[in-house]
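Some notes on the structure that comes next.
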Amino acid sequence: MTNYRDNLNILRRAFPQPVSDQEHDAWFVFSVLRALDRVDKMKSQRPILGEPKEVNIAAAIESRVPESMSTVELVSRDLVDHLEGMFIWGHPRAQVNVINPPCIPGILGTLLPAIYNPNLCSEEASRGVALAEAEVVSMTAALMGYDPATAGGVFTFGGTGTLLYAIRIGIEKALPGTMQTGMSGDLPVVVCSDQAHYAAKTAASWLGLGLNNVVTIATAPNNEIRTCLLETELRRLLKEGRRIACIIATMGTTDAFGLDSLEQIHQIRDDLVREFSLDYVPQLHADAVIGWAWSVFRDYDFSQNSLEFPDRTLRALAGANRRMRHLHLADSIGVDYHKTGFAPYISSAVFVKDARDLQLLSRTQATTPYLFQSGEYNPGRFTLETSRSGSGPMAALGALQLLGKTGLRTLLGHLVTMAETLRNRLSAQPSISVMNPDNFGPVTLFRVYPDSVDTFEFPKLEQTNADYAPQLHAYNEYNRRVFRIIHAEAMRGDGVVLSMTDRFRETDYGQPVVAIKSYIMSPFSDQQYVQAVIDSIERARKQVE
Ligand SMILES: *Cc1c(COP(=O)(O)O)cnc(C)c1O
Numbered sequence: 002m003t004n005y006r007d008n009l010n011i012l013r014r015a016f017p018q019p020v021s022d023q024e025h026d027a028w029f030v031f032s033v034l035r036a037l038d039r040v041d042k043m044k045s046q047r048p049i050l051g052e053p054k055e056v057n058i059a060a061a062i063e064s065r066v067p068e069s070m071s072t073v074e075l076v077s078r079d080l081v082d083h084l085e086g087m088f089i090w091g092h093p094r095a096q097v098n099v100i101n102p103p104c105i106p107g108i109l110g111t112l113l114p115a116i117y118n119p120n121l122c123s124e125e126a127s128r129g130v131a132l133a134e135a136e137v138v139s140m141t142a143a144l145m146g147y148d149p150a151t152a153g154g155v156f157t158f159g160g161t162g163t164l165l166y167a168i169r170i171g172i173e174k175a176l177p178g179t180m181q182t183g184m185s186g187d188l189p190v191v192v193c194s195d196q197a198h199y200a201a202k203t204a205a206s207w208l209g210l211g212l213n214n215v216v217t218i219a220t221a222p223n224n225e226i227r228t229c230l231l232e233t234e235l236r237r238l239l240k241e242g243r244r245i246a247c248i249i250a251t252m253g254t255t256d257a258f259g260l261d262s263l264e265q266i267h268q269i270r271d272d273l274v275r276e277f278s279l280d281y282v283p284q285l286h287a288d289a290v291i292g293w294a295w296s297v298f299r300d301y302d303f304s305q306n307s308l309e310f311p312d313r314t315l316r317a318l319a320g321a322n323r324r325m326r327h328l329h330l331a332d333s334i335g336v337d338y339h340k341t342g343f344a345p346y347i348s349s350a351v352f353v354k355d356a357r358d359l360q361l362l363s364r365t366q367a368t369t370p371y372l373f374q375s376g377e378y379n380p381g382r383f384t385l386e387t388s389r390s391g392s393g394p395m396a397a398l399g400a401l402q403l404l405g406k407t408g409l410r411t412l413l414g415h416l417v418t419m420a421e422t423l424r425n426r427l428s429a430q431p432s433i434s435v436m437n438p439d440n441f442g443p444v445t446l447f448r449v450y451p452d453s454v455d456t457f458e459f460p461k462l463e464q465t466n467a468d469y470a471p472q473l474h475a476y477n478e479y480n481r482r483v484f485r486i487i488h489a490e491a492m493r494g495d496g497v498v499l500s501m502t503d504r505f506r507e508t509d510y511g512q513p514v515v516a517i518k519s520y521i522m523s524p525f526s527d528q529q530y531v532q533a534v535i536d537s538i539e540r541a542r543k544q545v546e
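Numbered according to the numbering used here, the sequence shown spans residues 2 to 546.
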């Protein structure tokens, strides 16, 4: 039996020492090294850490808090074991989704706050780390074309959080005072495209608007919102006397990097405000959680092309920039540094063109008597969260400082070059049809067909003609089977890790179109791994036939 004093002495060794103790400090660093070393031993040539492992939830739910204490060493092993079977997102044969591999400064930005635990709730509790938030907000605001002197921004719990902010601000503009009184009567609506992320619906339902008050507008084949339909629908809503809480422009859709025309949407919004003499301006939010990073091309000289991107890449980057350079027209913007900024999760911020918009969400001092007694930087007055980790802004700062505009241009340019190469190679295969051939981003969607299918004609027919619905369904199933084989191969550590989307879009007659997806996010991607995708598909096709 040990008494609590003995336990305490043991436990104290399991914390970083508050006062310099060189021996113990070194041991702490060593513990981190040992853990990393153990993870490194799980690396091979394969895109997976260690051996592929079934995720056994049934066993996991048997877990209970142990009775006795453990040691740093043993726990470290257990934690590292949990990484077994993880995909290595930075591996060139991992092309799963828009999940970026974090760079080392991004990782340090997460690690350091984990040790000193700043709380961004207030300046008091975060000190210099609050500056990281202010720095990143200004850097990114300027990058996107906002004036950092009048814009504002705050980190939150993900892209979903950025939408929650935007819609709540929009509600307050459409129905002033409802932060206090709540909503009653006719609820305002949120309008977005049918390719907008479902997080918009999540936010709308959690905010009490309900899914029925999210109006979705059809998209064109390139996945951008059909602005003429948007205008018609907005006019209809306004005629009915409905209030509009938020119009969401998706700047980079999740599945296909579709880019809405923010410029036109902005024009439509302003015209309708005048036409209907609205006493408020409907919030225009840019969900740019994926696309924001392309802002680094705002001031890239495409004719000089000093980074020497290939022609097709240059065209794709210029095409994206054509839409992205209007980001500053939005009243608010959502940014995920953890999607395309090479920072680890969670690193997301919402930006407002006019910092005063955030004050619409502000609590009064009376509700928070124990906080904000000092300092001038107190985002906790209006943030949804109370405690807020410093790791989001520190990770973003680390990544932005490392990369600069040149580094981001280099990485994004490379990813787009690889995706262009893949699209080229896939298009050359008679059995494959690329579904987004004119896409500007790093994502490629394609469908695979049996040898008997004429892939020059058929994809168009199944998209437009309801007579082909039975074949559409059969080939949806065919693609699922091909994908399952590719995936099984990938899980064994060979081949390429891709993903599948059940409904990358609908046919003209309302049926879901399945597609296989390659999302290239690794700085280590290269030509030979593009060929690996083709090889893997061919092997899978043979097996299905
Ligand atoms: C991923 C994504 C979201 C949700 O962001 P999280 O950071 O995953 O919460 C919202 N919108 C778009 C367009 C996305 O791709």
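Glycine residues also receive a C-beta, built at the ideal position from the N, C-alpha and C atoms.
- The three-state reading of DSSP puts Asn120 in strand, counting E and B together.
- CA-CA distance, Arg506 to Ala475, rounds to 17 Å.
- Counting only runs that start and end inside the segment 320 to 380, the alpha helix (DSSP H) elements of at least 4 residues fall at 338 to 341 and 357 to 360.
- Here Tyr520 carries a strand assignment [DSSP, helix/strand/coil].
- Per DSSP, reduced to three states, the secondary structure at Ser45 is coil, with no helix or strand assignment.
- Ranked by how close their Cα comes to the Cα of Leu499, the residues Arg382, Asn120 and Ala541 have Ala541 in first place.
- Counting along the chain, Leu404 sits inside no beta strand (DSSP E); it lies in the alpha helix (DSSP H) bounded by residues Ser392 to Ser428.
- Annotated three-state conformation of Ile62 is coil, per DSSP.
- In terms of Cα proximity to Ile334, the closest of Met180, Ile170, Ala396 and Thr220 is Ile170.
- If you compare the alpha carbons of Ser537, Leu315, Val351 and Lys174 with that of Gly496, the shortest gap goes to Ser537.
- Setting aside the 5 residues that flank it on each side, Ile89 is surrounded in the same chain by Pro48, Ile49, Leu50 and Ala95, each with a C-beta closer than 7 Å to its C-beta; the list follows chain order.
- Secondary structure of Thr228 (DSSP, three-state): helix.
- Closest in alpha carbon position to Val99, among His339, Pro431 and Pro283, is His339.
- The Cβ atoms of Thr151 and His198 do not sit closer than 7 Å to each other.
- In this structure, DSSP gives Asp7 a helical state, which the three-state scheme calls helix.
- Inter-segment contact for the segment 465 to 475 and the segment 430 to 446 is absent: fewer than three beta-carbon pairs are separated by less than 8 Å.
- Its chain contains Gly110, Thr111, Pro114 and Ala115 as the residues whose beta carbon lies nearer than 7 Å to that of Ser392, once the 5 sequence neighbours on both sides are disregarded; these appear in chain order.
- DSSP places Ile249 inside the beta strand (DSSP E), whose first and last residues are Ile245 to Thr251.
- Leu260 counts as buried, since no fewer than 16 other beta carbons sit within 10 angstroms of its beta carbon.
- Nearest neighbour of Thr341 by Cα position, chosen from Asp312, Gly292, Arg244 and Leu210, turns out to be Gly292.
- With a cutoff of 7 Å on beta-carbon distance, Leu263 and Leu330 are scored as near each other.
- Its Cα nearest to that of Ile535, the residue Pro431 stands out among Ser453, Arg481 and Pro431.
- Annotation: Leu239 to Leu285 spans about 16 Å, alpha carbon to alpha carbon.
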